[in-house]
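K.L.:
Just so you know, the sequence shown maps onto residues 4 to 81 in the numbering used here.
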Amino acid sequence: ERIVRLLLDQGADVKAHAGSGSYGNALCAAAYGGKKAIVKLLLERGLDVNSVTAGRYGTALCAAACGGWEEVVSLLLD
C-alpha cells in the first residue's frame, strides 16, 4: 500500500490501463489479489469502480469475485 500511495503522490496516473495482461488496470489487479486497502486508496484517488478493462476479468468487481475476496466485493458494491 505504501508503494502505491508513493507512486500516486508522485503523479502516477491512477487511471492508466495496461496494454496487455490479465488485469487491465491497477484496480482490477488489487481486487483480484484481495488488497482491500489498495482498492480503497485507488477509489479515493478517483478510479471509477465501474471501469471496464481489456483484462481477463473486465471489472474490479468480477476480479474480486473470481479471486474469492468477499470483503473486497463488499467494498466495491458500497
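Backbone N, C-alpha and C define an ideal beta-carbon position, used for all residues, glycine too.
None of the values given here were measured: they were computed from a predicted structure.
I want to know whether the stretch 7-18 touches the stretch 55-66 - three or more CB-CB distances under 8 Å.
P.N.:
They do not touch, by the three-pair rule.
K.L.:
Where do the ends of the alpha helix (DSSP H) carrying residue 57 lie?
P.N.:
First-last for residue 57: undefined, no H or E at that position.
K.L.:
Look at the Cβ atom of residue 44, then the Cβ atom of residue 8, and state whether they are nearer than 8 Å.
P.N.:
For residue 44 and residue 8, yes; Cβs fall inside 8 Å.
K.L.:
For the alpha helix (DSSP H) that contains residue 70, what are its first and last residues?
P.N.:
First-last of the alpha helix (DSSP H) with residue 70: 63-70.
K.L.:
One question on the structure: do residue 63 and residue 30 come within less than 8 Å of each other, judged by their Cβ atoms?
P.N.:
Against a cut-off of 8 Å, the Cβ pair of residue 30 and residue 63 comes out as a contact.
K.L.:
Work out the CA separation of residue 51 and residue 65 for me, nearest whole Å.
P.N.:
Rounded to the nearest angstrom, the two C-alpha atoms are 14 Å apart.
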